[in-house]
Structure formats: C-alpha cells, structure tokens
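Heads up: the structure comes next, in structure tokens.
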Amino acid sequence: MEKELVIVLDFGGQYNQLVARRVRECNVYCEIYSYRTEIEKIKEMNPKGIILTGGPNSCYEADSPTYTDTLFELGVPILGLCYGAQLMMHILGGKVEKAPVQEYGKTEVMINTASPLFTEVSEKTVCWMSHSDYISSVAPGFEIVAHTLDCPVAAAQNCVKNLFAIQFHPEVLHTQEGTKMLYNFVRGICGCAGTWRMDSFVEQSVQAIRQKVGNGKVLCALSGGVDSSVAAVMLSKAIGNQLTCVFVDHGLLRKNEGDEVEEVFGPNGPYELNFIRVNAQERYYQKLSGITEPEKKRKIIGEEFIRVFEEEAKKIGAVDFLVQGTIYPDVVESGLGGESAVIKSHHNVGGLPEHVDFKEIIEPLRDLFKDEVRKAGLEMGIPEKLVFRQPFPGPGLGIRIIGEVTAEKVRIVQEADAIYREEISNAGLDKTIGQYFAALTNMRSVGVMGDERTYDYAIALRAVNTIDFMTAESAEIPFEVLQKVMSRIINEVRGVNRVFYDLTSKPPGTIEFE
Ligand code: XMP
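For the sequence shown, the positions run 207 to 720 when the working numbering is used.
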C-alpha cells in the first residue's frame, strides 16, 4: 500500500510539533523537516501535501529563512501557516510588510465557507493570531478567503495550483475550528485516505530501531513510569534480548515503588526482559548532600543516572546504545525544541552530562505528546493500569523536597505522599485528577501537639488538572478530603506539623516545585 506522507517544513515557530500532532490526529502520517532540506529530497519522499510552519522572522529581510520557488511548481498541495503563509506570498509576488495593527490572541475571523479549506467551518470563527507582519496584497492568482477587522488577508487560496495560506494558527487549540481546517487540507485537498494509526507508528519505529541497532547491544533506562515503560516494551519488541533494562533505585522514589517496578518488569513479571535493579540510594544521598540549588540537583541526579548506566554497560560489555523515554514536552521545556527558553532541564534531556560513554542515545518517543505515548502503549498491549499511571519525574522526590535532600526528608515526603494518594483513591478521585503528590517545603514552623511545642516541617499538597502538562489548573478537592489528609499526615508522619494546599496554576507556577 502506498504510504501517505505529509511533510511539515519547519521555519522555527514554536507550534511546529503541534502541527504534526494535529495531522496525526487526522490519521495521516507526518514528518517534520528543516526548511534547509533540499527540494530533491522532498521530491523523493513523494509527499501528498506540504505544510510550511510559522517562524519568528520577517520574510522580506535578507537572511530570513526561505525556500526555492520551484517548491510551488511540484503540483503538491501546499499550506502556509503564519510565517509560512507570508513567505508563500512573498516568493510568489504578493506583498508582506509590518502590520499597522499587530494581532495577538483570540481573534474573530470572517470566513468564505466556499473555500475547500473551510468546508463545514462557521462563517465567523475564533482563531489564534500571533503576528506583527501581515500580507498587504496577495500574489497573482490568489483570492482572499478570510479576513479580520485588522487583517485584510487572514487566509488566501489559489485553487488551480492547490496553494493555501493562513495567517492564524489552526494547530493551536484556541483556534476553535482549527483541527477541522487541517482535516480539510490533509484529507480533502491532499486527498489522504486517513489510514494511519498509532500502531503504524509503533511498527515504523520498531523497524527503524532494528535497522539502527543491527546486532548491537542496547541499555534502556527504565524508571517504571509511562514513558520509559513504553520505550522499553517497544525496544524489546524490536530487538528482544539484545536489550537490557536497568532500573536505578536512587532513593528518591515513592513509597514501595522500587518493589512495584520490579514486580512488573522483573523476572516474575509478564515481560521477558533482561532486568537489572541497581540500589544506589546511598550514593545519591552522598552526592546531593549540601546541595540546595534546583538546577544543580537536577544535573547531579541526571549525571549520576548516566554514570550508573555506564557502569552497568561495562559489566555487560560492548553496549553501543542507551534508550531513554524522552517525550516532546521534555524537549521543549529543556529549551532544545527551537526558540523556546529553558524552563527546567528535564534530567533525561537537558540534564545529560557533556560526555556520555555510549555511541548513541535512542529516544523513540521524542516526537510524541503524553496522550500519544499512552496510545502507543495500549497498542503494544501494556496494561491500562501502567499506561494511565500518573507521571513521576525522573529526578523523583529530589525535586519535591525543597532545598537539601536527606534520607530523613525522603522518609517524610514518602509517608505523607502515600497517605495523600491513599485518601485521594479512597475518595474515588484518583482517575479524575491529572497529577497529585505531596512535597516537602523547606519551611519549619512552631506548632503545639499534646502539651508540647513542636518545630517541624510543612508539607505542601499539590493536585493539578492538565491536558498536555504545558499548562495546568489546580484541582478542586473537597475540603473534607483535604482535612482528612491533613489530619492523617500530622498524626502519622513524624516531623510534620503543618499541611498546605497549593492553589497555583501553571503558568505562573510549574507542576513540580523545582
Ligand atoms: P513541570 O514541573 O515542568 O512539570 O510543570 C511538567 C510535567 O513534567 C514532569 N517532570 C519531569 N519528568 N523528568 C521527567 O521525566 C524531569 O526532569 C521532569 N520534571 C518535571 C512533571 O512531573 C509534570 O508531569
């Protein structure tokens, strides 16, 4: 069967992965390439459609990213978005200049619904705008098919050549009918049948891994979380016992978690994996002793992971590859996804030490969002209980203990967190809240217990709802549940005399505390 491919040409915008994701949601396979990709290579790939993304530049400036005009002669349908739309007009003889009124945010757009791009889209629809340049006149052969109060060309088309330009961002969820527009492009205009499914992604990844690895040996960093579990099962599907999974118990796991992971992936579990558990608690506590700065803690934890893996790899001998379950939001937040700033160096991406003793790092889930990783996991038959586990960060409790990490603080936060999770589950809320956990603030305060003065730590409870972990709202937990958690923590966990509930959304907060 002919493989249907849509190519996204990346001009450096911040939503490029979202474009790919929305195309996948239309069941069409999609790959992202840099705008520097040669036209010959694009021809060879024989795409059914091409999407030009947004980007931070002005297309009329001399050294801005551009593309050869022969792209528009290939006879392949092309959709330009934001910068991509302006570039298309600029190259084909239209005019782009600084906009007299810049548009940013949700904006009402008036649509010509006769355009094939806007089939079944409302005449007035809300879109996400973010631009300071605008198309002041379209290129010859184009007609305007959408406008706003301030933007005369919100969309334009040349139906003879199947070229389309959209000034706003249909890939962003704030554009209410954006997915429909992208659907109209890839399924309607490009004529893709929409037969691609997540199992094709799994199948293609498995093939690609086999090719890359050959007869080599591979080590997988397994944490028992959703991402690394999906990566491990995918690798095991691809290369069987050439794979060894190493699970590092860094002493920063949730209560009993080490044993639970071993139950699933160890010798008595359902998978036939070479599984090694390394108990490295003491080593971690020593390295973290006296360290209070969050980024430093993350780097130490990340570096120590790699050192443990290197040691295990030496024992096995001749291991070329290291597998990590990095997913797309980790890449973005670590500042490696293009123009965006570093928020935190997620230890499995930006927190890697400069020198790594492996030939290559394999990250099969690097382009996927969390919900897509879950879909891939279900496709491979991983049990739902594991696939829908709430996320747990690689640096673990290390970033849920503010300030210095000690064995004593780990005990406190483990016990408080176990109580919190138990009560959330007793209240039947565990499936409705995106992520919830207890953290240990570095604050100690005076209290009274019995007739005694206490001077103990404060625990912060966090619970958030989120779709993609890039933004989040604090969850509404019934007061009586919170009260019960508070009372149990104070009574049962030695060293705590106060409990807070964190109401902060993301942004401005982050989900974790460090
Ligand atoms: P933040 O705190 O950045 O968290 O709002 C967003 C999501 O990412 C998880 N997280 C991590 N996951 N390694 C991981 O694998 C990390 O270093 C890391 N830091 C945060 C966090 O639990 C939340 O789900």
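Cβ atoms here follow ideal geometry from the backbone N, Cα and C, with glycine treated the same way.
Note the first and the last residue of the continuous alpha helix (DSSP H) segment covering residue i.
i      : result
Leu388 : 384-389
Asn222 : 222-231
Asp433 : 432-445
Ala519 : 500-522
Ala291 : 289-298
Tyr707 : Careful: Tyr707 lies outside any alpha helix (DSSP H), inside the beta strand (DSSP E) at 702-707.
Val593 : 590-593
Rank the options by C-alpha distance to the C-alpha of residue i and give the top, closest one.
i      : options                        : result
Ser240 : Arg227, Ala438, Gly260         : Gly260
Leu574 : Phe217, Ala226, Arg650, Lys520 : Ala226
Leu726 : Phe370, Gly255, Gln492         : Because residue 726 is not part of the residues shown, which for the chain are 207 to 720, the question remains open.
Gln689 : Val705, Ala664, Val616, Asn485 : Val705
Thr638 : Glu231, Tyr661, Asp662, Asn671 : Asn671
Lys301 : Arg668, Arg659, Tyr340         : Tyr340
Glu686 : Arg694, Ser680, Thr716         : Arg694
Tyr725 : Gly609, Arg595, Met440, Ile248 : Given a span of 207 to 720 for the chain in the structure shown, any question on residue 725 remains unanswerable.
Cys357 : Phe391, Thr612, Thr313         : Thr313
Met387 : Ile372, Ala399, Thr401, Cys398 : Ile372
Gly377 : Asp563, Tyr389, Gly475         : Before going on, a small fix: residue 377 reads as Glu here, not Gly. Minimum Cα distance to Glu377 is reached at Tyr389.
Leu280 : Val408, Lys367, Ile588         : Lys367
Asp526 : Tyr534, Glu516, Pro535         : Glu516
Glu718 : Ile317, Leu323, Arg416, Leu603 : Leu603
Glu621 : Ser435, Lys330, Leu646, Asp433 : Leu646
Pro601 : Val593, Arg595, Val611         : Val611
His245 : Ile213, Leu224, Cys232         : The amino acid at residue 245 is misidentified as His; the sequence shows Ile. That would be Ile213, whose Cα lies nearest to the Cα of Ile245.
Tyr534 : Asp433, Asn318, Arg617         : Asp433
Ile297 : Glu237, Pro271, Glu628, Val484 : Pro271
Val327 : Phe370, Thr381, Val691         : Thr381
Val579 : Phe374, Val282, Glu698, Ser435 : Ser435
Asn252 : Pro283, Arg230, Asp269         : Pro283
Ser264 : Phe675, Ser338, Ile512, Cys396 : Ser338
Gln530 : Arg572, Pro589, Glu349         : Arg572
His353 : Cys365, Lys330, Ser336         : Lys330
Leu458 : Glu499, Lys503, Gly496         : Lys503
Run through DSSP, which three-state label would residue i get?
i      : result
Pro283 : coil
Arg617 : helix
Lys712 : strand
Tyr340 : strand
Gly544 : Legend: pLDDT at Gly544 = 45, less than 50; position of this residue unreliable, value from coordinates given subsequently. Looking at Gly544 - three-state DSSP - the assignment turns out to be coil, as it is neither helix nor strand.
Phe685 : helix
Gln373 : coil
Glu585 : helix
Asn632 : helix
Glu314 : strand
Lys276 : It is Thr, not Lys, that sits at residue 276 in the sequence shown. In this structure, Thr276 counts as helix in the three-state DSSP scheme.
Met251 : helix
Lys418 : helix
Tyr473 : The question names Tyr, yet the displayed sequence has Pro at residue 473. DSSP places Pro473 in coil when its eight states are reduced to three.
Asp674 : coil
Phe564 : coil
Gln410 : helix
Arg483 : strand
Phe736 : Coverage of the chain is limited to positions 207 through 720, which leaves residue 736 absent and any answer about it impossible.
Asp623 : helix
Met607 : The question names Met, yet the displayed sequence has Ile at residue 607. Correct three-state label for Ile607: strand.
His553 : Confidence in His553 is poor, its pLDDT being 48 and thus under 50, which makes the residue's placement unreliable; the coordinate value appears in the next sentence. Here His553 sits in coil by DSSP.
Does the beta-carbon of residue i have 16 or more other beta-carbons within 10 angstroms, so that it is buried, or is it exposed?
i      : result
Phe481 : buried
Thr532 : buried
Gly583 : buried
Val307 : exposed
Gln223 : buried
Tyr731 : The shown model of the chain, from 207 to 720, leaves out residue 731, and the question about it has no answer.
Met295 : buried
Val476 : It should be pointed out that residue 476 corresponds to Pro in this sequence rather than to Val. Its Cβ having fewer than 16 others within 10 Å, Pro476 is exposed.
Asn421 : exposed
Leu355 : exposed
Val555 : Reliability of the predicted coordinates at Val555 is poor, the pLDDT of 46 falling under 50, and no value is obtained from them.
Thr401 : exposed
Ser546 : Note that Ser546 scores a pLDDT of 43, beneath 50, so its modelled location is shaky and nothing firm can be said.
Which residue comes first and which comes last in the beta strand (DSSP E) that contains residue i?
i      : result
Tyr661 : 658-671
Phe217 : Premise fails: Phe217 is in no beta strand (DSSP E) and is neither H nor E.
His380 : Per DSSP, His380 belongs to no beta strand (DSSP E) and is neither H nor E.
Val351 : 349-353
Gln641 : 641-655
Glu237 : 235-240
Lys362 : Position check: residue 362 holds Ala in this sequence, whereas Lys was assumed. That run of the beta strand (DSSP E) goes 361-364.
Val165 : Nothing can be reported for residue 165, as the shown portion of the chain is limited to 207 through 720.
Phe527 : 525-529
Counting only beta-carbon separations shorter than 8 Å, does residue i have a partner in chain B?
i      : result
Glu244 : This model lacks chain B altogether, as it is built from one protein chain only.
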